[in-house]
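Chains as they are written, first to last, in this note's numbering: chain A, 15 to 434; chain B, -8 to 393.
Below is the structure:
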């Protein structure tokens, strides 16, 4: 028979290894759809419909390749991006990079806190108290639990994103149009500057500096080695596909409700409110649930990404597997980011929307640096040996770096001139 | 003591003021006693290696002999910036501890790496922010000082693999010179010294190390040890030092230890103690200058200009911390030869040779001769500076006695 026992055994063996490795790629990619991501996708979709995601395949590819190269460096060197930066560029560069990185991430944590606040308000919880409870609970889990248990929680949080998939199917979209608009060309949309900038903002929320640092550190923390390279790459690409799919479903759900009825949304919160009269209570609950999951995931991953990099740059123990005493700087950095974001969110005068825009902007400004680091480390023979990045991957990585660089300059200019 | 961060990018010139380039890196031999063997000078983008034999002086500029020739890095040698700085330090269990933030170089005829700075000030120093931060914390009455890990605490062999291993193993200790080990132990704490004394190492070796400890540590150790153990060790300590130690202990403790000594040694020590009943107090002067570790050199100069008449003896300037404890000393030469914005703790010598009120005068004089010092500070058992005895006063007194 074709399915002889040997084949099945091998399949089973590989599947077990794959499940053991599963985690970093999936989690890092999906966390890119955090509260800030949800907001950006929603606002863009309410404005331009599914056309807001044209060239979706390129976007998916870009996410996949950056994470792929990051994972490859992490597996071969067994060092985080922070370690490599400190060892190759010295103290000065490390401190400056970390200062920027910290500010960007604090902004993103703030986005997620305000996302969680919105989600709690959508469920009509008293948000001041419940937000604090959630924050403290997250800190408790990260400090007390070990890597394996925390990862299970991460994977569970991904289930929340199914809400968007269900919503997308509920609105009975015209799948042919969706495909045409996203993969081939946005046919009914006028392509002008604001449209292009909105498209770029969406790209900026998918590929993030912290996501890149996180996948790196998280793989190192899982203590995977280069023997796991192929499995890890499969997982990375799976994560990239799934992430793009989920964000597309989000966009579809919004496009066939709000966009169809010409309703604009300012953020994820107002989108959920606006969707209620159009698509009903269930859709509203789904949106709230999706936002809740996205915010919690972002609220854990982003400060974790900061704490990892801090520990790496300054040589402290930074792992989910160590107890508080050994990794105190790591855990303190994690906790401080969440708690300070919570405190800021309590101040009514603070304009969270402006802060999030600023954070998005700084994040995209960091991307060229991240690409430079990936190229520099990934192509280094000294660090990577025979695993170094070359050929088509290298070419694509460089092209993406130039592409992202141009985008950053263009958006900066546009912001200065005031087009967008 | 000088930090690598202060040397980096210093101008390198010959004694007749011909600029060679900028100091880029240093090369050291990987050993228990890591010597700076070569310097790397950056000259219009090009790097040249010059053996440290041509090094004349490191001051405001790095001065090398004009007849210098270029060299090459050899086996068992590494670069400070390339191979040592920024490296991850791990403990024996493989835990990450911290990174090398700066490298401390000691000037003892040759330039030797004495340790690595693992404190946050090391990071700030590279950014040029250390002064500001130290000043800032001083406003709140907090004195920051560098956190230095002695080289002896490190297993440098791992360096080629890109990390430094922390090591504290017994069998390694005996290969170290007693004076170096004493130096090292003084940089840790008394508990470590006691632990060291309680090891099963050769008693003669332990005695040698104790000879080389400063009196504070000697006293502290003998206060901690059980009288019997203390007596056993004391038999291997140099009699002069032994007397010094016994005199600083309480009467009860002293007699408890004496009881356990071999009769002939007990007799010898008791005789020596009889000899030294005269207290040093009557010779002591209070006319000396003290400053705090975070002061800048120019502030010290200001004080001397303003109140110099009060201090006829200026060969040494003593450094006291906020608790009036003696933490360092530096000479007039060091004061004027260093950059005036440097802080005192960077130029001072940390291990001050000092005496107690109970130290016999003969012993004090011996110390001065041994270390070629023209004055000694007198401190209490908790390191608080009480006064100073000069060579002039002391020798005068002793000659009169003859």
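Heads up, the beta-carbon is just placed ideally off N, CA and C, and yes, glycines get one too.
No experiment lies behind these values; they were computed from the predicted model shown.
Amino acids of chain B, ordered along the chain, whose beta-carbon sits closer than 9 Å to that of residue i
i, result
"residue 104 (chain A)", "72, 76, 77, 117"
"residue 101 (chain A)", "77, 78, 79, 90, 153"
Outcome for residue i when other beta-carbon atoms lying within 10 angstroms are tallied against a minimum of 16
i, result
"residue 89 (chain B)", "buried"
"residue 448 (chain A)", "Residue 448 (chain A) cannot be examined here, being either before or after the span of chain A that is shown, 15 to 434."
"residue 187 (chain B)", "buried"
"residue 166 (chain A)", "exposed"
"residue 160 (chain B)", "Legend: pLDDT at residue 160 (chain B) = 45, less than 50; position of this residue unreliable, value from coordinates given subsequently. Exposed, by the Cβ-count rule."
"residue 64 (chain B)", "exposed"
"residue 200 (chain A)", "buried"
"residue 163 (chain B)", "Unreliable positioning characterises residue 163 (chain B) in this predicted model, as indicated by a pLDDT of 49, which lies under 50. The coordinate reading is nonetheless provided below. Exposed, by the Cβ-count rule."
"residue 21 (chain A)", "exposed"
"residue 385 (chain B)", "buried"
"residue 399 (chain B)", "This structure does not reach residue 399 (chain B), given that chain B is present from -8 up to 393, and the question cannot be answered."
"residue 52 (chain A)", "buried"
"residue 373 (chain B)", "exposed"
"residue 1 (chain A)", "Since the displayed chain A opens at 15 and closes at 434, residue 1 (chain A) lies outside it and no answer follows."
"residue 148 (chain A)", "buried"
"residue 84 (chain A)", "buried"
"residue 138 (chain A)", "exposed"
"residue 110 (chain A)", "exposed"
"residue 279 (chain B)", "buried"
"residue 274 (chain B)", "buried"
"residue 102 (chain B)", "buried"
"residue 181 (chain A)", "buried"
"residue 224 (chain B)", "buried"
"residue 262 (chain B)", "exposed"
"residue 392 (chain A)", "buried"
Chain A residues whose Cβ lies nearer than 9 Å to that of residue i
i, result
"residue 92 (chain B)", "105, 328, 329"
Beta-carbon proximity check, residue i vs residue j, cutoff 8 Å
i, j, result
"residue 117 (chain A)", "residue 314 (chain A)", "no"
"residue 187 (chain A)", "residue 298 (chain A)", "no"
"residue 304 (chain A)", "residue 174 (chain A)", "yes"
"residue 352 (chain B)", "residue 271 (chain B)", "yes"
"residue 79 (chain A)", "residue 410 (chain A)", "yes"
"residue 306 (chain B)", "residue 345 (chain B)", "no"
"residue 86 (chain B)", "residue 114 (chain B)", "no"
"residue 81 (chain A)", "residue 34 (chain A)", "no"
"residue 279 (chain A)", "residue 56 (chain A)", "yes"
"residue 414 (chain A)", "residue 402 (chain A)", "no"
"residue 311 (chain B)", "residue 281 (chain B)", "yes"
"residue 4 (chain B)", "residue -7 (chain B)", "no"
Contact list for residue i against chain B, beta-carbon separation under 8 Å
i, result
"residue 340 (chain A)", "86"
Chain-ordered neighbours of residue i on chain A, where CB pairs are closer than 7 Å
i, result
"residue 200 (chain B)", "In chain order: nothing, as chain A lies at least about 31 Å away."
Within chain B, partners of residue i - CB distance below 7 Å
i, result
"residue 109 (chain A)", "114, 118"
Interface flag, residue i vs chain E, CB-CB below 8 Å
i, result
"residue 155 (chain B)", "Among the chains of the structure shown, chain E does not appear; the protein chains present are A and B."
Sequence ranges, alpha helix (DSSP H) only - wholly within the stretch 240 to 296 of chain A, length at least 4
Positions of the alpha helix (DSSP H) runs, each at least 4 residues long and wholly inside the stretch 240 to 296 of chain A, are given as 243 to 268, 282 to 293 in order along the chain.
With contact counted as at least three CB pairs below 8 Å, one residue from each stretch, are the stretch 61 to 80 of chain A and the stretch 140 to 159 of chain A in contact?
No: the two stretches stay apart, fewer than three of their Cβ pairs being nearer than 8 Å.
Measuring CB atoms only, is the stretch 323 to 341 of chain A touching the stretch 50 to 66 of chain A, in the sense that at least three cross pairs come out at less than 8 Å?
Contact between the stretch 323 to 341 of chain A and the stretch 50 to 66 of chain A is absent: fewer than three C-beta pairs spanning the two stretches fall below 8 Å.
At 4 residues or longer, what runs of the alpha helix (DSSP H) sit wholly inside the stretch 69 to 135 of chain A?
List check, alpha helix (DSSP H) in window: 70 to 91.
Which parts of the stretch 184 to 212 of chain B are runs of the alpha helix (DSSP H), unbroken and 4 residues or longer, counting only runs that do not cross its ends?
Here the runs fully enclosed are 194 to 203.
Do the stretch 250 to 269 of chain A and the stretch 88 to 107 of chain A make contact, defined as three or more Cβ pairs closer than 8 Å?
Because the criterion of three Cβ pairs below 8 Å is not met, the stretch 250 to 269 of chain A and the stretch 88 to 107 of chain A do not touch.
Would you call the stretch 117 to 131 of chain A and the stretch 305 to 322 of chain A touching, i.e. three or more CB-CB distances under 8 Å?
Enough Cβ pairs lie closer than 8 Å, so yes.
Determine, using beta-carbon pairs with one atom in the stretch 315 to 322 of chain A and one in the stretch 220 to 231 of chain A, whether at least three such pairs fall under 8 Å.
The stretch 315 to 322 of chain A, when compared against the stretch 220 to 231 of chain A, does touch it at the 8 Å Cβ threshold.
Should the stretch 169 to 189 of chain B be regarded as contacting the stretch 210 to 219 of chain B, the criterion being three or more beta carbon pairs within less than 8 Å?
Yes, the stretch 169 to 189 of chain B touches the stretch 210 to 219 of chain B.
Which runs of the alpha helix (DSSP H), 4 residues or longer, sit entirely within the stretch 346 to 418 of chain A?
Uninterrupted alpha helix (DSSP H) stretches at least 4 residues long and entirely within the stretch 346 to 418 of chain A occur at 366 to 392, 395 to 398, given in chain order.
Validate contact between the stretch -6 to 8 of chain B and the stretch 39 to 58 of chain B using beta carbons, cut 8 Å, 3 pairs:
Touching, per the Cβ criterion.
If contact is defined by three or more beta carbon pairs under 8 Å, each pair taking one atom from either stretch, is the stretch 279 to 298 of chain A in contact with the stretch 88 to 103 of chain A?
Fewer than three pairs of CB atoms, one per stretch, sit closer than 8 Å, so the stretch 88 to 103 of chain A makes no contact with the stretch 279 to 298 of chain A.
Identify every run of the alpha helix (DSSP H) within the stretch 180 to 217 of chain A, keeping only runs that are complete inside it and at least 4 residues long; order them along the chain.
Here the runs fully enclosed are 189 to 193.
Three or more beta-carbon pairs under 8 Å between the stretch 333 to 345 of chain B and the stretch 192 to 209 of chain B, yes or no?
Touching, yes, given that three or more Cβ pairs across the two stretches are closer than 8 Å.
Can we say the stretch 328 to 339 of chain A touches the stretch 190 to 209 of chain A, given the rule of at least three CB pairs closer than 8 Å?
At 8 Å Cβ cutoff, the stretches do not touch.
Within the stretch 307 to 373 of chain B, note down every full beta strand (DSSP E) run reaching 3 residues or more, in order along the chain.
307 to 311, 317 to 322, 366 to 370, all fully within the stretch 307 to 373 of chain B.
Count the CB pairs spanning the stretch 27 to 34 of chain B and the stretch 127 to 137 of chain B that are closer than 8 Å, and state whether there are at least three.
Output reads no: the stretch 127 to 137 of chain B does not touch the stretch 27 to 34 of chain B.
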